[in-house]
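J.: First to last, the protein sequences are chains B and F. Take 3 as the starting number for the first sequence in the numbering used here and just add one per residue. Take 3 as the starting number for the second sequence in the numbering used here and just add one per residue. Backbone N, C-alpha and C fix where the C-beta goes; we use that ideal spot for every residue, glycine too. To start, I am sharing the structure in question, which I have written as structure tokens.
Protein chains: 2
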Amino acid sequence: MAQNIYDNPDFFSGYSQLPRQVHGLDGAPEWPALCAMFPDIGGKRAVDLGCGLGWVSRWLREKGAHSALGVDLSENMISRARELTPDAAIDYRIGDLETLDLPEAAFDFAFSSLAFHYIRDFDRLVRVVHRALTPGSFFVFSIEHPIFMAATDPHWIEDENGQKIWPVNRYAVEGERRTDWFAKGVVKYHRRIGTTLNALARAGFVIQAVDEFAPTIEQIKQVPTLEEELERPMMLLVSSRR
Amino acid sequence: MAQNIYDNPDFFSGYSQLPRQVHGLDGAPEWPALCAMFPDIGGKRAVDLGCGLGWVSRWLREKGAHSALGVDLSENMISRARELTPDAAIDYRIGDLETLDLPEAAFDFAFSSLAFHYIRDFDRLVRVVHRALTPGSFFVFSIEHPIFMAATDPHWIEDENGQKIWPVNRYAVEGERRTDWFAKGVVKYHRRIGTTLNALARAGFVIQAVDEFAPTIEQIKQVPTLEEELERPMMLLVSSRR
Chain B
3 MAQNIYDNPD
13 FFSGYSQLPR
23 QVHGLDGAPE
33 WPALCAMFPD
43 IGGKRAVDLG
53 CGLGWVSRWL
63 REKGAHSALG
73 VDLSENMISR
83 ARELTPDAAI
93 DYRIGDLETL
103 DLPEAAFDFA
113 FSSLAFHYIR
123 DFDRLVRVVH
133 RALTPGSFFV
143 FSIEHPIFMA
153 ATDPHWIEDE
163 NGQKIWPVNR
173 YAVEGERRTD
183 WFAKGVVKYH
193 RRIGTTLNAL
203 ARAGFVIQAV
213 DEFAPTIEQI
223 KQVPTLEEEL
233 ERPMMLLVSS
243 RR
Chain F
3 MAQNIYDNPD
13 FFSGYSQLPR
23 QVHGLDGAPE
33 WPALCAMFPD
43 IGGKRAVDLG
53 CGLGWVSRWL
63 REKGAHSALG
73 VDLSENMISR
83 ARELTPDAAI
93 DYRIGDLETL
103 DLPEAAFDFA
113 FSSLAFHYIR
123 DFDRLVRVVH
133 RALTPGSFFV
143 FSIEHPIFMA
153 ATDPHWIEDE
163 NGQKIWPVNR
173 YAVEGERRTD
183 WFAKGVVKYH
193 RRIGTTLNAL
203 ARAGFVIQAV
213 DEFAPTIEQI
223 KQVPTLEEEL
233 ERPMMLLVSS
243 RR
């Protein structure tokens, strides 16, 4: 079973204060780049893997999705998502992406935001998603960028000339990474970019586009702290098609 | 026109001593991973972009390729390649990948090793290759990994805890990078991984596999200095299909 850090009270109280939890999609700077990868959502049966508070499921319905299923490991998240959602065509379920099963050809669009780097067996999950989608369907997701999370101790450093740099090491050594983020010992799984993309290709997805989130000038004007995201790739956004 | 560093005598005398120039493909640790991406070469008309001394063109013919065209900017390289090649089905031509044109549907396999990071207009080149290949043909290439070359001053650093790290900065800022490598001011062009892959998809190629070269345990035993390539991704290998 995947680590359920989201139901740890300390974690959840910190995490709930993140801009993207308080402000929803407007608090997620990568959202415009991510939804630029979406197909026309009208009439689609969507599934959101690691749905959190359900912001994306509600957005998809506003854009005309036929229905949405949101799955998340966290009981906290799912119960909050249900409270926030006055829409009978959205179903939220508690589920572990590590062992999840989905019905065959039951969805026309699959999505996930910043969840898959918590999953040990990504290959299995990709096969489940492939089987659950109808032919031609898009599968769009974001993860923490492997360069953001590979290092044994990822934090900004100044080199001997005062240049601000992001450190990389252990890149080729895939597997568990433990980090402290609102709680001690949050477990993530590092995979190389190639490993993630090849899992998709192997399962039968065709890669449509790969984006490594970088803030726009406009975004930096509004939120100056985003400027450092020009220095390192923080998130990897992938669009693929069954 | 692309910078022709290879015909600078200082550069060429240093470069010629690299293991991969002296020992050919056996001196290139990524070669096994790269040729694992190749289709069956038998009967194929191949083109090698940035062919250098022609090691790959000769290898392709040994594996049964119908013919090979090697293109390189460097007169030094092309004249040495011709001397080394007793094979009338291999043609070497001096050509600039920045402005190269190729005949339509004239090739069944396109290859390039560590050349495209010298090219400013990768989009144009990808369209030229797409047009020059027959449907179903593979296009396999390697480049310096964007993480290897993005930083303003790429060199091994120790962090405050003595961890050996590879620095990343300016990752989202694409374009020219100047480095000193056998000569001063060698010009390379940094593109994000997404930019390279999206150029392929946009031109009509389907991405088959992405590999970020890492040495095997066996390779590290034979060449212990390769161990540091576990820390950072040094080369990006891409297989795509028209």
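Do L104/B and A70/B come within 8 angstroms of each other at the CB atom, strictly closer than that value?
T.: no
J.: Checking 8 angstroms against the spacing of the C-beta atoms, do F113/B and S139/B come in under that value?
T.: The Cβ atoms of F113/B and S139/B lie no closer than 8 angstroms to each other.
J.: Using 8 angstroms as the Cβ pair cut-off and three pairs as the minimum, do the region 226 to 242 of chain F and the region 164 to 184 of chain B touch?
T.: yes
J.: Name the chain F residues whose beta carbon is nearer than 9 angstroms to that of L228/B?
T.: Ordered by position in chain F, no residue passes the 9 angstroms Cβ test against L228/B, which lies about 11 angstroms from the chain.
J.: Roughly how many whole angstroms lie between the Cα atoms of Q210/B and L239/B?
T.: 11 angstroms
J.: At a CB-CB cut-off below 8 angstroms, which residues of chain F make contact with W33/B?
T.: Ordered by position in chain F, no residue passes the 8 angstroms Cβ test against W33/B, which lies about 17 angstroms from the chain.
J.: Helix, strand or coil, according to DSSP, for V188/B in the structure here?
T.: strand
J.: Could you please tell me which residues of the region 210 to 236 of chain F, in chain order, have their CB closer than 9 angstroms to any CB of chain B?
T.: Q210, A211, V212, D213, E214, F215, A216, P217, E231, L232, E233, R234, P235
J.: By the criterion of Cβ-Cβ separation under 9 angstroms, what are the contact partners of Q250/B in chain F?
T.: The shown model of chain B, from 3 to 244, leaves out residue 250/B, and the question about it has no answer.
J.: State the DSSP-derived secondary structure class of D9/F, mapped to helix, strand or coil.
T.: helix
J.: If we ignore side chains and look at the alpha-carbon of each, how far apart do I149/B and F150/F end up?
T.: 11 angstroms
J.: Would you verify that the beta carbon of I195/B is, or is not, closer than 8 angstroms to some beta carbon of chain F?
T.: yes
J.: Rank I80/F, T154/F, P217/F by C-alpha distance to the C-alpha of A174/F and give the top, closest one.
T.: T154/F
J.: Note down the Cα distance separating T87/F from F40/F, rounded to an integer number of angstroms.
T.: One C-alpha to the other measures close to 22 angstroms.
J.: What separation, rounded to the nearest whole angstrom, lies between the Cα atoms of A4/B and S15/F?
T.: Answer to the nearest angstrom: the Cα atoms are 55 angstroms apart.
J.: So what does DSSP say about L202/B, is it helix, strand or coil?
T.: helix
J.: Using the rule of at least 16 other Cβ atoms within 10 Å of the residue's Cβ for burial, across every protein chain shown, is I96/B buried or exposed?
T.: exposed
J.: Is any non-hydrogen atom of the ligand MN found closer than 7 angstroms to the C-beta of L232/B, if you look at the structure I gave you?
T.: Annotation note on the ligand MN: not contained in the displayed structure, which lists no ligands.
J.: Anyone know if the C-beta pair for Y8/F and L75/F falls short of 8 angstroms?
T.: yes
J.: Determine, using beta carbons only, whether Y120/F and K186/F come nearer to each other than 8 angstroms.
T.: no
J.: In chain F, which residues lie with their C-beta within 8 angstroms of the C-beta of V128/B?
T.: In chain order: nothing, as chain F lies at least about 15 angstroms away.
J.: Expressed to the nearest angstrom, what Euclidean distance is found between the alpha-carbon atoms of V24/B and W57/B?
T.: 11 angstroms
J.: Along chain B, in chain order, which residues have C-beta atoms closer than 8 angstroms to that of D161/F?
T.: D155, I159, P169
J.: Please report whether the beta-carbon of I307/B lies at a distance below 8 angstroms from any beta-carbon of chain F.
T.: Nothing in the structure corresponds to residue 307/B, since chain B is present only between 3 and 244.
J.: Return yes when the Cβ of E214/F is within less than 8 angstroms of the Cβ of A147/F, no when it is not.
T.: The question names Ala, but residue 147/F in the sequence shown is His. The answer is yes: Cβ separation under 8 angstroms.
J.: Let's see if you can read the secondary structure: which residues bound the alpha helix (DSSP H) around K46/F?
T.: Where K46/F is concerned, there is no enclosing alpha helix (DSSP H), given that its DSSP letter is neither H nor E.
J.: With H, G and I counted as helix, E and B as strand and the rest as coil, what does DSSP make of G66/B?
T.: coil
J.: Our contact map puts L99/B next to L51/B with C-beta atoms below 8 angstroms; I'd like the distance itself, whole angstroms only.
T.: 6 angstroms
J.: Which residue marks the beginning of the alpha helix (DSSP H) containing L86/B, and which one marks its end?
T.: 77 to 86
J.: Is the Cβ-Cβ distance between E43/B and G66/B less than 8 angstroms?
T.: Contrary to the premise, residue 43/B reads as Ile rather than Glu in this sequence. In this structure, G66/B lies closer than 8 angstroms to I43/B by Cβ.
J.: Name the two residues that bound the continuous beta strand (DSSP E) containing D213/F.
T.: 208 to 214
J.: Strictly below 9 angstroms CB to CB, what residues from chain B border R208/F?
T.: Sequence inspection shows Val at residue 208/F; the Arg mentioned does not correspond to that position. By Cβ distance, chain B contributes A203, V208, I209.
J.: Measure from the C-beta of A174/B to each C-beta in chain F and report whether the shortest distance is under 8 angstroms.
T.: Interface residue, yes.
J.: Hey, would you say V130/F sits closer than 8 angstroms to L102/F, going by beta carbons?
T.: yes
J.: Would a check of beta-carbon distances place N200/F closer than 8 angstroms to chain B?
T.: yes
J.: For V170/F, which beta-bridge partners are listed by DSSP?
T.: Paired residues: W168/B.
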